[in-house]
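Engineer: Pasting in a structure now, in C-alpha cells, and then I'll have a few things to ask.
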Amino acid sequence: MNKKVITILLITVFLASGLLLAATVNLKFLHRWTQEPDRSFFEEVVKEYEALNPNVKIDIQTVSNDAFKEKIKVMLGTAEAPDVFFTWPGEFTNRFIRAGNVLDITPYMLEDGSMFHYYGSQLIPFVYEGALYGLPYRLDGKVFVYNKEIFAQAGIDSAPQTLDEFMEDLEKLAALGMKPIAFGNERPWAVSHYIAALNQKSVPEEIWEIDTDPAIGTWTDPGYVKALEIYEDLVPYFNNFTNALKHDQARVAFMQGQHAMMYLEIVEIPEIERDGPAGFIDKIGVFPFPATDGPGNQSYLVGYPEGFVVSSKTKHPEEAVDFLKFLTGKEMGRLELEMLGWFNGIKNLVSPDEVKPIVFETTQLILDSEKMVNWLDSSLHAKIWSVYSVELQKLTDLVTTPQKAMDAVIKIATEVRSEF
Amino acid sequence: MYVLPAIAFVLVFVYFPIVMNFYNSLFRMNSYSDARTFVGFKHYVRMFNDPIFYTAIKNNFLYAAFSILFQVGLGMVLAIFLEGRFIGKRMGTFFRNTLFIPSIISIPAVALLWYFIYNPQIGLLNGILGVVGLDSLKTAWLANPKTAIYSVIMMSQWQYTGYIMVLLVVAIQKIPRELYESAVIDGANEFQKAVYITIPSIKSMLAVTTIITFIGSFKLFSEIYIMTDGGPYNTTQVLGVYMYRAAFKFDEMGYGSAVAVIIFTITFLVSILQLKSFKST
Amino acid sequence: MLRRNPWYVFNKTWINALFWILMIMIIYPLFWMIINSLKTSTELFINSFAMPEKPLFKNYVDAWNMGFADFFLNSILVTATSVAVTVLLSAFCAYALARLDIRFKNTVLYLIIGGLLLSPQSALISLYRIFDVLNIYNTYFAMIVPYIAFRIPFAVFLMYGYFKDFPGDLEDAARIDGCSTFKTFLKIVMPISKPILAATAIVSSIFTWNEFLFALVFIESENLVTIPVGLSRFRDALQTNWTGMMAGIIIASLPMIIAFLFMSKAFISGLTAGSVKG
Chain Y
1 MNKKVITILL ITVFLASGLL LAATVNLKFL HRWTQEPDRS FFEEVVKEYE
51 ALNPNVKIDI QTVSNDAFKE KIKVMLGTAE APDVFFTWPG EFTNRFIRAG
101 NVLDITPYML EDGSMFHYYG SQLIPFVYEG ALYGLPYRLD GKVFVYNKEI
151 FAQAGIDSAP QTLDEFMEDL EKLAALGMKP IAFGNERPWA VSHYIAALNQ
201 KSVPEEIWEI DTDPAIGTWT DPGYVKALEI YEDLVPYFNN FTNALKHDQA
251 RVAFMQGQHA MMYLEIVEIP EIERDGPAGF IDKIGVFPFP ATDGPGNQSY
301 LVGYPEGFVV SSKTKHPEEA VDFLKFLTGK EMGRLELEML GWFNGIKNLV
351 SPDEVKPIVF ETTQLILDSE KMVNWLDSSL HAKIWSVYSV ELQKLTDLVT
401 TPQKAMDAVI KIATEVRSEF
Chain C
421 MYVLPAIAFV LVFVYFPIVM NFYNSLFRMN SYSDARTFVG FKHYVRMFND
471 PIFYTAIKNN FLYAAFSILF QVGLGMVLAI FLEGRFIGKR MGTFFRNTLF
521 IPSIISIPAV ALLWYFIYNP QIGLLNGILG VVGLDSLKTA WLANPKTAIY
571 SVIMMSQWQY TGYIMVLLVV AIQKIPRELY ESAVIDGANE FQKAVYITIP
621 SIKSMLAVTT IITFIGSFKL FSEIYIMTDG GPYNTTQVLG VYMYRAAFKF
671 DEMGYGSAVA VIIFTITFLV SILQLKSFKS T
Chain F
702 MLRRNPWYVF NKTWINALFW ILMIMIIYPL FWMIINSLKT STELFINSFA
752 MPEKPLFKNY VDAWNMGFAD FFLNSILVTA TSVAVTVLLS AFCAYALARL
802 DIRFKNTVLY LIIGGLLLSP QSALISLYRI FDVLNIYNTY FAMIVPYIAF
852 RIPFAVFLMY GYFKDFPGDL EDAARIDGCS TFKTFLKIVM PISKPILAAT
902 AIVSSIFTWN EFLFALVFIE SENLVTIPVG LSRFRDALQT NWTGMMAGII
952 IASLPMIIAF LFMSKAFISG LTAGSVKG
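Chains as they are written, first to last, in this note's numbering: chain Y, 1 to 420; chain C, 421 to 701; chain F, 702 to 979.
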C-alpha cells in the first residue's frame, strides 16, 4: 500500500473521531448514594438516558452522605464542578445560589409546561427569590414510627395526638421496663429533626422564618428555650448511650423490638422493609410529631424533599436540564419506587393499590401537610449549626440547660450577623 | 540538571504552599467563590479568643505527653527487656514483630477497629468489662467527654508503642558488646547495666524518638476525624481537625489557614530540635 | 549457676508474662475483628464474642465488589507511581549533591532537607487551591504530586548520607573507562545502592499506602479514592453492615502485614534509618 493512502486514511479517521467527539455532550452527574440498590438505580437512569440520547455521555460521580456536605462546597469552587448534582434545598443550596453556582431553570420548565407535572408543594423548597433552581428527587418527612405490638402491650390503643398524651404513653411504655424511644445521635443531624419540629411548634412562624436567615436572625424568641425544655423532658425516655450510637444502630435495636418507637424519615420505611425481620413492616404504624400548646402552627411536617440542581457553569445547560427532568420525571419515578421504594415529586405517580398501605399512607401525610419545615441542619448557617448541634448533644447528655444552650446560639448568631 | 526536578517539586509543592498559607490567613475567603476580603490579623485575634482553640492545643499536648510516656518510656523498657537475658532470641523476634505490626496498618483502619472496640453495645471493651464483672465501668467510651480523648490516645499507644520500641531495639543492638562485658566483670546486675550502660548509650535515639512522637502528636488528624470528629462537644478537638473543620466544613479557608500557621510554627520549632539532635548523633 | 538463681527465674517469669499479656492485647482485637468479619450482622449484634456459626466469606466478596476493588487498584497505582518517581528523582538529586561538583550545592541541600521540617497539614489548604488552579483537583495527580513532593526531602536525606560514605574508587575506575557521569550513576552507583533504594522505597510505600489527609481533601470521586479514604467513606455508606466493614478493614491492612512478614528485616532497617513517623 502506498504511504499517501495510509496518511489520508489516518487523517480521515482523526477528523471523523474529532467531529464525533465534538458532537458528544459530556455531563458530570453527582449523587450521594454509594450503596446498593441506589447505586444501580442511578446507573440504570443514566443508561436509559444515554440510550435515548446517543450524543450525551454521562459520567456518574458519588460521594457518600456525611462527606457530601463537605465535598460539595469544595467542588463547586473548582473547574471540576459537576453539571447536575444532588442537593438539599434551603440554606444549604441557597448559599450556592447566592454565590452564582446554580442555574435558574424556570424558563426551561415553563417552556414545555413540565413545571406543572410536579406537586407545587414539593417545588416550593427549590424556589429562591422567585426563581426555580431544582427538582425534587424524593419526598421526605419525619414521623414517629411505632411498634403496634408493644403499644398494645402497654395498653395504648391509639397513637398520641398531643404532647400530653405522648408523655402519658411514654410513661406507660417505660413501665414495661424499656426505654421507649430508640435514638442514635452520634451525628447530631438526628437531634436536629426533633428540634426542627419543636422549634416550629413553639415559635411563631414569621419569627423562625426570619431567624433562619443568617443575615438577620437573632434567635431570641423565648419559644426556642421552651422547645428545648420539651426536648429535655423526652431525654429520659431515650435509649442509653444516645450520643454514642449511630442512627442506624439505634434503628436495628428498634427493628429487633427493643424499643417501642423511633423518630424516622419516611424514606426509611422501605429500608425497614428490606432490612427488618420478616413481617416487621406490618407491625408498624406512624404518627406525626404530637401537637404542643405553643404559638407555632401545629400541623406542619418536618421534612424537605431532596433533589437535584444544574450548575450555572455547565457548558450544556439544555442537555443538563433535560437530563434533570428525565431523572425526576414520571418514568424514572416509577422505576425509583419499584427499585428503592421512594416517591419523587411527580403528581399521581401510582394508584394506591400498587404499593404497601403504610408507604402510601405516609406519602399522603407529606402531600396533605399544609407546609413542610426544612431540616434544621440544612436550613442553618454552618457556624450557627456547629454551636447549636454541640449544645443539643450536651442537652441530650443533660449537662446543660435549655437557657444556657440558647444563650450560646444567640451569641454565635450575633457573631455571624456581623459578617454580613 | 540532576537536582532540578527534585528541587522544583519541593519548592513548588512544599515551600510555596506554606508561604501562601501565611498570606491566605490574612483574608476571608471560601471555597465556592473567588471573592476574598483582606482582614489582617483578625483571624488570629478570633482564634486566641476561641475556647475551642485552647481545648485543641491542650489535647495535642495531652496526646504528646501520653505518647512520650508510653511510646518512648514504655517502649524503652520493653526494648531493654527484649535485648536483655530474660527473653530468648526466637521469642524476642516474635514479640518484637507482633508489637510492630499495628504500626504498619493504616490509621483509618486502626481507628475504625477501635471505633468498634469502643462501641457501647457491641464493642469488645464493654464486652470484656461485662465478662469480668465490672459492669459499672461500662460507658460510651467515645461519647463520654470524660473518657473520649483518653480512649483515642490509648488507641495510638496500642498502635505505635511497638514502633518506637523497635527503633530503640535497633539502637541498643548498636551498643558495643565490650561495654557490657566489662560491666559484668565488675559485677553489675541487669538493672544496673540498663541504667548505667544501655540508657546513656541510646540517649540520642531517645531524644529523636521523643521529638518525632511530639511532632506526631501535633500532626494528629485521622484518628480524631474518624473516631470522634472532635466530639462529644468539642472535647476531643485537636488542631488538625479544627483546621479542617474551619476550612472545609465552615468554608472559612482564611481562618483555617491561620490555624495551619500555628501548627506549622509548633512543628517547625520542634523539628529544628530534631535536626540538631540528628547532627549530634 | 546464675540460671538457677531464684531472682533470675522470678524476673524471667514476670517479664515473659508481661510480653504475653501485650501479645494478647495486640492479637485479640485483631482476632475479634476477624471472627466478626465472618459473621452476619445479626450474629454480631447478638454476641460479638461468639465464633461465627458458619464462616461467611460473602462479607469479603461484598466489600470487594462494593468498591474495594477500585480502592485497591487506586492505591496500587498511586503508591507505585509516587514511590517510583520519588526514589528516582531523589537518587539523582542525592547523588549529585553528594558526589558531583555543582553550584549552590549547600543551599540546595539545606532547602531540600529543610522540607523535612514542614508539616503537610500547613500546606493543605494552599495545595488545595493550587491544584484547583492547575486543574488537577480530583485526579490521581492531586495525590501523586504532593506525595512525591513531601517524600523527596526524606528520601534525599536518607540517600545523601549513603552516597556521601560511598567509596570513590569505583566511580573513578568507571570514569577512566570513559563512562559519562550519567552512565556511571546508572551502571555503577545504582546497583551498589540497592539496599538504600529498597529502604527508601519501603518507607515511602508505607507512607503513601496509608496516607489519609491529602487523599481525603484532594479527591472527591468515589472511583478515585485510595483505601484509607475509601474505608472511612465505607462506614457512612454501609450503615450497619459492620461485618462487611470489618472485612474491608482486613482487606485494607493485609497487603502491608504480609509484606512485613516476608521482609521484616528490610522494613525495620528502612524505618530506623528514617526515624520519621508517618
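Beta carbons: idealized from backbone N, C-alpha and C, even for Gly. Please read all numbers here as calculations on a predicted model, not as lab measurements.
#1: What residues in the segment 814-843 of chain F have a beta carbon less than 7 Å from any beta carbon of chain Y?
#2: Determine the chain C residues that contact alanine 953/F at a beta-carbon separation under 7 Å, and present them in chain order.
#3: Between phenylalanine 758/F and the rest of its own chain, which residues show a CB-CB distance below 8 Å, the 5 nearest in sequence each way excluded?
#4: In the DSSP output, what is asparagine 775/F paired with across the bridge?
#5: State yes or no: is the C-beta of leucine 659/C within less than 8 Å of the C-beta of isoleucine 631/C?
#6: Pull up the DSSP beta-bridge partners for aspartate 59/Y, would you.
#7: Give me the Cα-Cα distance between valine 74/Y and tyrosine 300/Y, rounded to the nearest whole angstrom.
#8: By the DSSP assignment, the alpha helix (DSSP H) with isoleucine 595/C in it spans what residues?
#9: Does the segment 922-929 of chain F come close enough to the segment 732-747 of chain F to have 3 or more Cβ pairs within less than 8 Å?
#10: Taking the straight line between their C-alpha atoms, what separation do you get for phenylalanine 851/F and valine 430/C?
#11: Just list the residues that DSSP pairs methionine 261/Y with in beta bridges.
#12: Go ahead and pull the three-state DSSP assignment for valine 977/F.
#13: Counting only Cβ pairs nearer than 7 Å, list the residues of chain Y close to serine 922/F.
#14: Could you check the C-alpha separation between aspartate 878/F and isoleucine 897/F for me, to the nearest Å?
#15: Give me the subset of the segment 69-95 of chain Y whose CB atoms are less than 8 Å from a CB atom of chain F, sorted by chain position.
#16: Let me know the alpha helix (DSSP H) ranges lying completely inside the segment 515-550 of chain C, each 4 residues or longer, listed in chain order.
#17: With a CB to CB cut of under 7 Å and the five nearest residues on each side skipped, what residues in its chain are close to alanine 667/C?
#18: Pick helix, strand or coil for lysine 136/Y, following the three-state DSSP scheme.
#19: Identify the contact partners of phenylalanine 670/C in chain Y, using a Cβ-Cβ distance below 8 Å as the criterion.
#20: Would you say leucine 798/F reaches chain C, if we count a Cβ-Cβ gap shorter than 8 Å as a contact?
#21: So, is the C-beta of glutamine 541/C closer than 8 Å to a C-beta in chain Y?
#22: Just to confirm my understanding: we take tyrosine 422/C, look at its own chain, exclude 5 residues before and 5 after, and list those with CB closer than 7 Å. What are they?
#23: Checking contacts by CB at 8 Å: is lysine 394/Y closer than that to chain C?
#24: If you draw a straight line from the alpha carbon of alanine 678/C to that of phenylalanine 68/Y, how long is it in whole angstroms?
#25: Give, in chain order, every residue of the segment 634-649 of chain C whose Cβ lies closer than 7 Å to some Cβ of chain F.
#26: Using the C-alpha atoms, what's the distance from glycine 650/C back to alanine 568/C?
#27: Beta-carbon of methionine 496/C versus every beta-carbon of chain F: anything under 8 Å?
#28: Can you tell which of Ile58/Y, Leu52/Y, Met255/Y, Gly141/Y has the C-alpha that lies nearest to the C-alpha of histidine 31/Y?
#29: Which partner residues does serine 351/Y have in the DSSP bridge list?
#30: So, using beta-carbon positions, are valine 784/F and methionine 844/F closer together than 8 Å?
#31: Please tell me whether methionine 734/F has its Cβ less than 8 Å away from any Cβ of chain Y.
#32: Can you have a look at lysine 696/C and say buried or exposed, based on whether 16 or more other CB atoms are within 10 angstroms of its CB?
#33: What are the start and end residues of each continuous alpha helix (DSSP H) run of 4 or more residues lying completely inside the segment 927-951 of chain F, in chain order?
#34: Can you confirm whether glutamine 258/Y, when its beta carbon is compared against all beta carbons of chain F, has any partner nearer than 8 Å?
#35: On a CA-only basis, which of Asp322/Y, Glu354/Y, Arg334/Y is nearest aspartate 112/Y? Give me that one, please.
#36: Along chain Y, in chain order, which residues have C-beta atoms closer than 7 Å to that of glycine 504/C?
Structural biologist: If we stick to the structure as given:
#1: Asp833, Asn836, Tyr838, Asn839
#2: Numbered from its first residue, the third sequence carries residue 953/F at position 252. Neighbours of alanine 953/F across chain C, judged by C-beta separation under 7 Å: Ser526, Ala529.
#3: Residue mapping note: residue 758/F aligns to position 57 of the third sequence, counting from 1. Cβ within range, chain order: Leu739.
#4: Mapped onto the third sequence, residue 775/F falls at position 74. The partner list for asparagine 775/F (beta bridge, DSSP) is empty, contrary to what the question assumes.
#5: Taking the second sequence and counting its residues from 1, one reaches residue 659/C at position 239. Taking the second sequence and counting its residues from 1, one reaches residue 631/C at position 211. For leucine 659/C and isoleucine 631/C, no; Cβs fall outside 8 Å.
#6: To locate residue 59/Y, count along the first sequence from 1; it is residue 59. In the DSSP output, where bridge partners are listed per residue, aspartate 59/Y has Lys28/Y.
#7: As a first step, residue 74/Y is located in the first sequence; it is residue number 74 there, counting from the start. As a first step, residue 300/Y is located in the first sequence; it is residue number 300 there, counting from the start. When rounded, the distance between both Cα atoms is 34 Å.
#8: Here residue 595/C corresponds to residue number 175 of the second sequence, with the count starting at 1. Here isoleucine 595/C belongs to no alpha helix (DSSP H), and DSSP marks it neither H nor E.
#9: no
#10: As a first step, residue 851/F is located in the third sequence; it is residue number 150 there, counting from the start. As a first step, residue 430/C is located in the second sequence; it is residue number 10 there, counting from the start. Distance between the alpha carbons of phenylalanine 851/F and valine 430/C: 7 Å.
#11: Stepping through the first sequence from its first residue, residue 261/Y is reached at position 261. BP columns for methionine 261/Y point to Tyr146/Y, Ile181/Y.
#12: Residue mapping note: residue 977/F aligns to position 276 of the third sequence, counting from 1. Summary for valine 977/F: the model assigns pLDDT 49, below 50, so the residue's position carries little reliability, and this model does not support an answer.
#13: Taking the first residue of the third sequence as 1, we reach residue 922/F at position 221. Residues of chain Y passing the Cβ test: Gln61.
#14: Numbered from 1 along the third sequence, position 177 holds the residue referred to as residue 878/F. Numbered from 1 along the third sequence, position 196 holds the residue referred to as residue 897/F. Their Cα atoms are separated by approximately 26 Å.
#15: Lys71, Val74, Met75, Gly77, Thr78, Ala79, Glu80
#16: 527-537
#17: For the purposes of this step, residue 667/C is identified with residue 247 of the second sequence, where counting begins at 1. So the list reads Met673, Gly676, once near-sequence residues are dropped.
#18: Translated into the one-based positions of the first sequence, residue 136/Y becomes position 136. Contrary to the premise, residue 136/Y reads as proline rather than lysine in this sequence. Three-state result, proline 136/Y: strand.
#19: As a first step, residue 670/C must be located in the second sequence, where it is residue number 250. For phenylalanine 670/C, the residues of chain Y that pass the 8 Å Cβ criterion are Ala382, Lys383, Ser386, in the order they occur in the chain.
#20: For the purposes of this step, residue 798/F is identified with residue 97 of the third sequence, where counting begins at 1. Yes, contact with chain C.
#21: Residue numbering aside, residue 541/C sits at position 121 when the second sequence is read from its first letter. Chain Y, which has a Cβ nearer than 8 Å to the Cβ of glutamine 541/C, makes this yes.
#22: As a position in the second sequence, residue 422/C is number 2, starting the count at 1. Nothing listed; no residue qualifies.
#23: Here residue 394/Y is taken as the residue at index 394 of the first sequence, counted from 1. Yes, because at least one Cβ of chain C sits closer than 8 Å to the Cβ of lysine 394/Y.
#24: Counted from its first residue, the second sequence places residue 678/C at position 258. Counted from its first residue, the first sequence places residue 68/Y at position 68. Approximately 25 Å between the Cα atoms of the pair.
#25: Gly636, Lys639, Phe641, Ser642, Ile646
#26: Residue mapping note: residue 568/C aligns to position 148 of the second sequence, counting from 1. Residue mapping note: residue 650/C aligns to position 230 of the second sequence, counting from 1. Going from the Cα of alanine 568/C to the Cα of glycine 650/C covers about 9 Å.
#27: By 1-based counting over the second sequence, the position of residue 496/C is 76. The beta carbon of methionine 496/C does not come within 8 Å of any beta carbon belonging to chain F, so the residue lies off that interface.
#28: For the purposes of this step, residue 31/Y is taken as residue 31 along the first sequence, with counting starting at 1. The option with the nearest alpha carbon to histidine 31/Y is Ile58/Y.
#29: To locate residue 351/Y, count along the first sequence from 1; it is residue 351. None; serine 351/Y has no bridge partner.
#30: Counted from its first residue, the third sequence places residue 784/F at position 83. Counted from its first residue, the third sequence places residue 844/F at position 143. No, the pair does not count as a contact, with Cβ atoms beyond the cut-off.
#31: As a working note, residue 734/F is residue 33 in the third sequence. Answer no: the Cβ-Cβ gap between methionine 734/F and chain Y never drops below 8 Å.
#32: Counting from 1 along the second sequence, the entry for residue 696/C is found at position 276. Per the 10 Å Cβ criterion, exposed.
#33: 928-939
#34: For this step, residue 258/Y is matched to residue 258 along the first sequence. Judged by the 8 Å Cβ criterion, glutamine 258/Y is not in contact with chain F.
#35: Position 112 of the first sequence, counting from 1, holds the residue named residue 112/Y. Among Asp322/Y, Glu354/Y, Arg334/Y, the Cα nearest to that of aspartate 112/Y is on Asp322/Y.
#36: Here residue 504/C corresponds to residue number 84 of the second sequence, with the count starting at 1. Result: empty, since nearest Cβ-Cβ is about 43 Å, beyond 7 Å.
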